[in-house]
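Written out below as structure tokens is the structure these notes cover.
Number of protein chains: 2
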Amino acid sequence: MAALCFEIRPGSYYDSVILMQLQRALAELPGVLDAGVVMGTPANHELLLASGLYPSGATAARPDDLLIVIQAEDEEAGQRALAQVDRQLQRRRTTIQNAFQPRSLDSALKQMPQATWVLVSVPGRYAAGVAREALAQGRHLFLYSDNVALEDEIALKQEAAEKGLLVMGPDCGTAIIQGIGLGFANRVRRGAIGLVGASGTGLQAITSRIHNLGGGVSQAIGTGGRDLRAAVGGLTAGAAIDLLGRDPETRVIVLVSKPPAAEVATRLLATAMTTGKPTVIYFQGYAPPGRRINNLHFARNLTEAARMAVDLSREEIALQDDPAAKKRQGPYVRGLFSGGTLAYEAVLGLQAVLHPLYTNVPVRPEQRLPDANQRQGPVHRSGHTILDLGADEFTQGRLHPMIDPDLRLRRMKQEALAADVGLILLDVVLGEGAHPDPAGALASTIQQVTREENIAVVALVVGTDDDPQNRPGQIDQLHAAGAMVFTDTGDMVAYIARHWATAATATVSPPVSLAALQAPFAAVNIGLATFADSLAAQGAEVVSLDWRPPAGGDEKLMALLAKMKN
Amino acid sequence: MAALCFEIRPGSYYDSVILMQLQRALAELPGVLDAGVVMGTPANHELLLASGLYPSGATAARPDDLLIVIQAEDEEAGQRALAQVDRQLQRRRTTIQNAFQPRSLDSALKQMPQATWVLVSVPGRYAAGVAREALAQGRHLFLYSDNVALEDEIALKQEAAEKGLLVMGPDCGTAIIQGIGLGFANRVRRGAIGLVGASGTGLQAITSRIHNLGGGVSQAIGTGGRDLRAAVGGLTAGAAIDLLGRDPETRVIVLVSKPPAAEVATRLLATAMTTGKPTVIYFQGYAPPGRRINNLHFARNLTEAARMAVDLSREEIALQDDPAAKKRQGPYVRGLFSGGTLAYEAVLGLQAVLHPLYTNVPVRPEQRLPDANQRQGPVHRSGHTILDLGADEFTQGRLHPMIDPDLRLRRMKQEALAADVGLILLDVVLGEGAHPDPAGALASTIQQVTREENIAVVALVVGTDDDPQNRPGQIDQLHAAGAMVFTDTGDMVAYIARHWATAATATVSPPVSLAALQAPFAAVNIGLATFADSLAAQGAEVVSLDWRPPAGGDEKLMALLAKMKN
Chain Y
1 MAALCFEIRP GSYYDSVILM QLQRALAELP GVLDAGVVMG TPANHELLLA SGLYPSGATA
61 ARPDDLLIVI QAEDEEAGQR ALAQVDRQLQ RRRTTIQNAF QPRSLDSALK QMPQATWVLV
121 SVPGRYAAGV AREALAQGRH LFLYSDNVAL EDEIALKQEA AEKGLLVMGP DCGTAIIQGI
181 GLGFANRVRR GAIGLVGASG TGLQAITSRI HNLGGGVSQA IGTGGRDLRA AVGGLTAGAA
241 IDLLGRDPET RVIVLVSKPP AAEVATRLLA TAMTTGKPTV IYFQGYAPPG RRINNLHFAR
301 NLTEAARMAV DLSREEIALQ DDPAAKKRQG PYVRGLFSGG TLAYEAVLGL QAVLHPLYTN
361 VPVRPEQRLP DANQRQGPVH RSGHTILDLG ADEFTQGRLH PMIDPDLRLR RMKQEALAAD
421 VGLILLDVVL GEGAHPDPAG ALASTIQQVT REENIAVVAL VVGTDDDPQN RPGQIDQLHA
481 AGAMVFTDTG DMVAYIARHW ATAATATVSP PVSLAALQAP FAAVNIGLAT FADSLAAQGA
541 EVVSLDWRPP AGGDEKLMAL LAKMKN
Chain A
1001 MAALCFEIRP GSYYDSVILM QLQRALAELP GVLDAGVVMG TPANHELLLA SGLYPSGATA
1061 ARPDDLLIVI QAEDEEAGQR ALAQVDRQLQ RRRTTIQNAF QPRSLDSALK QMPQATWVLV
1121 SVPGRYAAGV AREALAQGRH LFLYSDNVAL EDEIALKQEA AEKGLLVMGP DCGTAIIQGI
1181 GLGFANRVRR GAIGLVGASG TGLQAITSRI HNLGGGVSQA IGTGGRDLRA AVGGLTAGAA
1241 IDLLGRDPET RVIVLVSKPP AAEVATRLLA TAMTTGKPTV IYFQGYAPPG RRINNLHFAR
1301 NLTEAARMAV DLSREEIALQ DDPAAKKRQG PYVRGLFSGG TLAYEAVLGL QAVLHPLYTN
1361 VPVRPEQRLP DANQRQGPVH RSGHTILDLG ADEFTQGRLH PMIDPDLRLR RMKQEALAAD
1421 VGLILLDVVL GEGAHPDPAG ALASTIQQVT REENIAVVAL VVGTDDDPQN RPGQIDQLHA
1481 AGAMVFTDTG DMVAYIARHW ATAATATVSP PVSLAALQAP FAAVNIGLAT FADSLAAQGA
1541 EVVSLDWRPP AGGDEKLMAL LAKMKN
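The listed protein sequences correspond, in order, to chains Y and A.
When the letters of the first sequence are read in order and numbered with this note's numbering, they come out as residues 1 to 566.
When the letters of the second sequence are read in order and numbered with this note's numbering, they come out as residues 1001 to 1566.
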């Protein structure tokens, strides 16, 4: 009759590779049906339970405890297997420690001073400490470890920024530096496309596809999945985009990320615009602000991001001739729309480049103006405003602004008097049912605002040449009154982005040195041995640390040691 | 010295066009500097205040009151202007009522029995009543009026659905039926593109652009901005897509809307898939699930939606050869991913066609699995599940699933035992650092699941031919084990959409008759006279009702009359 035997080894550290190998070795022993060798985390308890490997005593195992469960043909076979555990562990350890390995980062760097990179894949609770040591030694970091506290990530990245160092991660699965894949990485040819990714398999999928389409990769820089959160502020992504902007090998940039915080997205897009290089943006799950804004191209999925990058890398890049910005009174944009969908489309596009932005047709809840009659955001924060003047609250007891221009004219004059307004944005919708001469109705106020108040006016004209208002004549009237005229929301957004975009990420000071990408890749590996094997197989220089948790993993002793250091 | 004079006329109804004309006429009188003529809504109070047209006594005007304010050179000129109000109102009324106009819908329909459409643009609080009358007469509705209660909209649309009638609106600004523009509409050539729009200026922008690109429009059907909310359920949009699917003139469909409720989006996309016609989807502000899913093409802005529609209308349409769905055990999909970004990409794509969907990498908050070890959604709702097994909660004290397949294999076996699972979805990520033979590690379990449990397995392979695992060999192994293999998330989503998509909108019963789109356009107009003028100018048959609010706009009397009717 089948038996479940188990053992709990409290509070000691084992490399995950060793646990996997131990589990396999135990499962293969005679009389053993199945085996589970895991740390006692909640997820692992659930898994053992679901696998029928959960004797009642196993509940006692805590996250820091090693839990070994054997399902055997009988009690005797199970106990025989458990008795093998020490010998198996011993054997694994000796096969791994066949080469001389330094025991400290210091001695590793003495052995290989040209190692400008340190790879860290130790368990999360030790990772920040190891990473701090590497930064203290002036090394760039590839931090594979997950389960690292957010505060530690922020502190590490701020320290790195002050020193001009890159911190990829924590929870960074993938990077390609100088043709060498770090962590999980596909073998791809070198080329002109540089990538920045807050998503590991995203980078893998795009770099693979680039290769499969015949393109190549200059560098692929991972940031870790939390880098684009507001609390971290995209510190690594911003530094990486800036670095690729200066890298002569990189002609096209790709930025891929899970949905970023809105203000982080806006700043990174501004940074990408200042590089002037064609940049493919794929913010997964984020509604793209259009097909393109100047040098920024927006993809709808991983495959498309790769294809766009390859296509762009084959084009001759003509840098945009950028007309000088109109002299302007204030920094903010005011959109006064008659069409609700046009207002929403403007919010969707402009939110990528203007921050903060408030509106009565919000794409994101925090954009909502509490009262559309107000000029500012919640708690009176200054910002850009887009209003749909055809919304229900404006059309009670009043004609729609597409027929009656009165509300728009009054509001334009009001906005023009505010010192913080630099641009007024209008839509002019032609066609059946609308005002017979909307440009004429707006012209004298546009003229007054542009000439007397020195405010730029941008008009978006929607209509056909068959419309009763005479479209070319309407456009001429708007031009004559001093407005910039667009017939495409994308072109309009691109123009506003060039002249009114929120400032780019504050320049990283000092910037990350290009040398990080130009020396042959050399690294110290701390953690998973398979990563060092992979680097060596790719021809990179690597030295592995024989890393052990401080104080043998004893948390109390660790805390005591940390106190004594300070 | 300038003076502000004003008058409040309590509780009587005026057409908005008349108010606009009165304001202009008063402003042109000698000695008058500015004038405001508005109903006393909060927005209008704000506007008058901002325009310096707000004497202290004006605060007394309520939303149902007419408020007239005159800013004049002196008190005398102001009073003179106020004294003109009655004469001006009288003059406006007589110029408008120059033709014979029926006083009831009944008599209007006797005068023009071929009018299958009724246009309603009376003030919101009267609109539902007028619309109900039109439905009772078996007429399709174009309901321009805004400020209509949501419950009224739902009731009207449900009644219409039972009768096979279309209700465009409330707050529907635009439509083009049989080449005739209703409400606000641009003059565009006729052609093969049929549109459904929950956004007015969105339809205008796209139809204009289609025309400017040389394309043409068969029909453009507005739905009103709230149609795609969960409460309304896309009743009009669903009926309209179904109608265009049957319309022989329509070869390409465009669906444009502000962000729809998730479950409504899923059902409308399913309806669009069943039409088999190429359909361009532009859900503004909604992250597109990819570039394309079968016949559904996703646009990033209004301009692109138009361009895609025109391009598609010029292509020869080859209907997809759809392989028979694999026989399957249950209706639900289980994704077991090792790559977080790949899992997220699957959620992003599949959420467009699978509902409900739960995951530990949610795109929308309601998708979040409270506990990733669970198989079902909040409060144990059955549904599709996508898991990222590389997430932090699974990798504590355990190797990443890209290296150690154990967790995935156990979970696959578990899921295969559930009666409600029909498909298991896996990613297989190749490259440096990953398992040396992931397909080999998965193969025997895939074989067991597909052959013994009769469950379909779909594998997404990411990698290059240079990767150490030998990509073609990995794909061969997966095929041999019985898996469908894809190398592109888009193709994978398209396959799953064909065979596992959530059911389309329940067939409208009875469907809207094609005759609605095929007879020459004829309508009764109730409300804004400018709309009737525009219809007549376009050569459509139209009869205008001389509409007055019931009981002269007296709300108490109206309520009494309504009671007596019932």
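Beta carbons: idealized from backbone N, C-alpha and C, even for Gly.
- Less than 8 Å separates the beta-carbon of Gly433 of chain Y from that of Ala1185 of chain A.
- About 7 Å separates the CB atoms of Thr1502 of chain A and Arg1267 of chain A; that is less than 8 Å, so the two are in contact.
- Glu393 of chain Y belongs to the set of residues whose beta carbon lies under 8 Å from a beta carbon in chain A.
- By the Cβ-count criterion, Gln1469 of chain A is buried, with 16 or more other Cβ atoms from all chains shown falling within 10 Å of its own Cβ.
- By the criterion of a C-beta distance shorter than 6 Å, Ala134 of chain Y is surrounded in its chain by Val118 and Leu141, once the five residues flanking it on both sides are discounted.
- Val1017 of chain A is positioned such that its CB atom lies closer than 8 Å to that of Thr1530 of chain A.
- Contact between Leu109 of chain Y and Ala131 of chain Y is absent: CB atoms are separated by about 15 Å, not below the 8 Å threshold.
- At a C-beta separation below 7 Å, Asp467 of chain Y has these neighbours in chain A: Asn1186 and Arg1187.
- Following the DSSP letters along the chain, one finds Asp1491 of chain A inside the alpha helix (DSSP H) bounded by residues Thr1489 to Trp1500.
- Approximately 11 Å separates the beta-carbon atoms of Val1333 of chain A and Val1347 of chain A; this is outside 8 Å, ruling out the contact.
- Judged by DSSP in its simplified three-state form, Leu143 of chain Y adopts strand.
- Not one beta carbon of chain Y lies nearer than 8 Å to the beta carbon of Glu1366 of chain A.
- Among the CB atoms of chain A, one or more fall inside 8 Å of the CB of Ala205 of chain Y.
- The beta carbon of Arg1229 of chain A sits no closer than 8 Å to any beta carbon of chain Y.
- Under the 8 Å criterion on CB atoms, Leu135 of chain Y is classed as non-interfacial with respect to chain A.
- At a cut-off of 8 Å between beta-carbon atoms, Val449 of chain Y makes no contact with chain A.
- Here Met1168 of chain A is buried: its Cβ has 16 or more other Cβ atoms, across all protein chains shown, within 10 Å.
- With contacts defined as CB atoms closer than 8 Å, Leu33 of chain Y and Ala81 of chain Y fail to qualify as a contacting pair.
- Ile475 of chain Y is positioned such that its CB atom lies closer than 8 Å to that of Val485 of chain Y.
- Taking C-beta atoms as the reference points, Tyr1144 of chain A and Gly1179 of chain A fail to come closer than 8 Å.
- Scanning its chain for C-beta atoms nearer than 6 Å, with the 5 sequence neighbours on each side dropped, one finds around Asn147 of chain Y the residues Gly124, in chain order.
- Chain A has no Cβ within less than 8 Å of the Cβ of Gly224 of chain Y.
- Every beta strand (DSSP E) stretch that sits fully inside the stretch 231-304 of chain Y and reaches 3 residues is listed by chain position as 252-257, 279-283 and 296-298.
- Selection Y:Pro102, Y:Arg229, Y:Leu389 and Y:Leu302 evaluated against Asp1491 of chain A yields Y:Leu302 as nearest (Cα-Cα).
- Apart from the 5 residues on each side of it in sequence, Ile1281 of chain A sits with its Cβ closer than 6 Å to the Cβ of Leu1255, Leu1296 and Phe1298 in its chain, given in chain order.
- Per DSSP, Val1353 of chain A is not a residue of any alpha helix (DSSP H), being assigned neither H nor E.
- In the three-state reduction of the DSSP assignment, Asp1465 of chain A falls in the coil class.
- Of the other Cβ atoms in all chains shown, fewer than 16 fall within 10 Å of the Cβ of Thr1059 of chain A; this residue is therefore exposed.
- CA-to-CA, the gap between Arg1103 of chain A and Gly1183 of chain A works out to about 22 Å.
- In the pairwise beta carbon analysis, the stretch 1522-1542 of chain A is classified as not touching the stretch 1189-1207 of chain A: fewer than three pairs are separated by under 8 Å.
- The beta carbon of Ala536 of chain Y lies closer than 8 Å to those of Val542 in the same chain, with the five residues before and after it left out.
- For the stretch 1046-1058 of chain A, the set of residues with a beta-carbon nearer than 8 Å to any beta-carbon of chain Y comprises Glu1046, Leu1047, Ala1050 and Ser1051, in chain order.
- When the Cα atoms are used, Ala265 of chain Y and Met1412 of chain A turn out to be separated by approximately 37 Å.
- In this structure Ala559 of chain Y is exposed. Its beta-carbon is surrounded by fewer than 16 other beta-carbon atoms within 10 angstroms.
- Looking at A:Gly1181, A:Glu1162, A:Gly1202 and A:Glu1345, the one whose alpha-carbon comes closest to that of Ser1218 of chain A is A:Gly1181.
- Contact with chain A is absent for Ile177 of chain Y, since none of that chain's Cβ atoms lies less than 8 Å from the residue's Cβ.
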